[in-house]
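Working notes, beginning with the structure itself.
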Amino acid sequence: MLSRFSIYLIGQIGEPGGKDMEKGKIISIEERIPKLKKLRKRKTNRRLIFIISLFFLILLAVGYFQSPLSKVASIEVKGNQLTPAAEIIAHSGIEKGENIWKAGARQAEKNLERDPKIQQADVSVTFPNRVKISVKEQQKLAYLSKGKKLFPVLNNGTILKEAVGSTPEQLPILYNFKAGAELDQLMDSLEQLPSEIVNSISEIYYAPKKTDSRHIQLFMNDGFEVSATLKTFPEKMVYYPAIISQLDPNVKGVIDLEVGSYFKAYNSGKEKEPADEPIPQP
755 MLSRFSIYLI GQIGEPGGKD MEKGKIISIE ERIPKLKKLR KRKTNRRLIF
805 IISLFFLILL AVGYFQSPLS KVASIEVKGN QLTPAAEIIA HSGIEKGENI
855 WKAGARQAEK NLERDPKIQQ ADVSVTFPNR VKISVKEQQK LAYLSKGKKL
905 FPVLNNGTIL KEAVGSTPEQ LPILYNFKAG AELDQLMDSL EQLPSEIVNS
955 ISEIYYAPKK TDSRHIQLFM NDGFEVSATL KTFPEKMVYY PAIISQLDPN
1005 VKGVIDLEVG SYFKAYNSGK EKEPADEPIP QP
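Under the working numbering, think of the first position of the sequence shown as 755, with each following residue one higher.
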């Protein structure tokens, strides 16, 4: 007779036809109890380890937020040329000593992008307490002449307030322009042109006429003069290298791009075509 702590598990395995039978095996519960106890102990230990780990993590977090490590210790600025780093930091609204996680990276980016000199800003927080500000500034495309001073002009038409104190880069110098639609249109045109053409321009004068309120006059570094209108300037000026390749470099004059394209030498009152072959048209 079996003990009351055991059970019989009897199974029958029959061959096709149900002729063969196999006696069931007896599995003792007493054998299973130690295994069950081990499983329960493991689960209990895991829960205890989890609770203790969570408790220490909370302690570490509380300690970190109350320690100097959670305060902004350094602010690094990269990509700036037009704006001093101190000015960028001030515009961002982030200050040293404030909580690193309350610095507001997204708000700082919005603050910086309100500056007309900055095209794009990226603010990131590096553990434990460093802030990095990366900016992409607007492009400087020309200088505006005011009296004897030259002021940088950006591609969005912004005129910087501080005059340059040294010889500027090889960029066009603008005369008779002021902030407004004409300057914005010119800067948009220069931004569309290849850099080699922009760098070949020495001076640009705003010279409106009765027939064209947006007439401009350009003096090139190679000695030629260009008469054009802002309405079609970028479309026609892009052909400048092809036009001068058909001209005698020793005969200087005016290249008129207002209507069509033709050339008039300085030492001749007659207008003549730049070359026997047609000039490429926009």
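Cβ coordinates follow ideal geometry from the N, Cα and C atoms, glycine included.
How long is the line joining the alpha carbons of residue i and residue j, rounded to whole angstroms?
i: K985; j: K886; result: 43 Å
i: P861; j: G934; result: Note on residue identity: the sequence assigns Gln, not Pro, to residue 861. Approximately 30 Å between the Cα atoms of the pair.
i: P922; j: K894; result: 11 Å
i: N910; j: D938; result: 7 Å
i: N1021; j: K902; result: 32 Å
i: A996; j: K990; result: 11 Å
i: V877; j: P870; result: 18 Å
i: M941; j: S824; result: 45 Å
i: T837; j: N930; result: 26 Å
i: E776; j: K792; result: Low per-residue confidence applies at E776: pLDDT is 46, beneath 50, and the placement is therefore not dependable enough to give any value.
i: V1013; j: S899; result: 29 Å
i: K963; j: P988; result: 19 Å
i: G847; j: E863; result: 10 Å
i: I1033; j: V992; result: For I1033, the pLDDT reaches just 49, beneath the cut-off of 50, and the residue's location in the model is therefore unreliable, although a value from the coordinates is still provided. If I take the Cα positions, the gap works out to 12 Å.
i: L808; j: P882; result: 20 Å
i: S920; j: M974; result: 22 Å
i: I812; j: F804; result: 12 Å
i: E1027; j: Y959; result: Residue placement at E1027 is flagged as unreliable, the pLDDT there being 47, under the threshold of 50; the coordinate-derived value follows with that caveat. Cα to Cα, the separation comes out at about 25 Å.
Name the DSSP beta bridge partners of residue i, please?
i: Y960; result: I970
i: V1008; result: E979, K1018
i: K832; result: S888
Over the uninterrupted alpha helix (DSSP H) stretch that includes residue i, give me the two end residues.
i: A840; result: 839-846
i: Q892; result: First-last for Q892: undefined, no H or E at that position.
i: P906; result: Counting along the chain, P906 falls outside any alpha helix (DSSP H), though it belongs to the beta strand (DSSP E) covering 903-908.
i: L866; result: 859-867
i: F987; result: 987-991
What residue does the beta strand (DSSP E) around residue i start on, and which one ends it?
i: S943; result: Where S943 is concerned, there is no enclosing beta strand (DSSP E), although the alpha helix (DSSP H) it sits in stretches over 935-946.
i: Q874; result: 872-880
i: I998; result: Per DSSP, I998 belongs to no beta strand (DSSP E); it is in the alpha helix (DSSP H), 994-998.
i: I951; result: First-last for I951: 949-952, but that is the alpha helix (DSSP H), not the beta strand (DSSP E).
i: I927; result: 927-929
Taking only beta-carbon atoms, is residue i less than 8 Å away from chain B?
i: S943; result: Given the protein chain composition of this structure (a single chain), no chain B is represented.
* Asked: Looking at C-beta atoms only, is the number of pairs between the region 855-872 and the region 793-805 that lie closer than 8 Å three or more?
  -> No, the region 855-872 does not touch the region 793-805.
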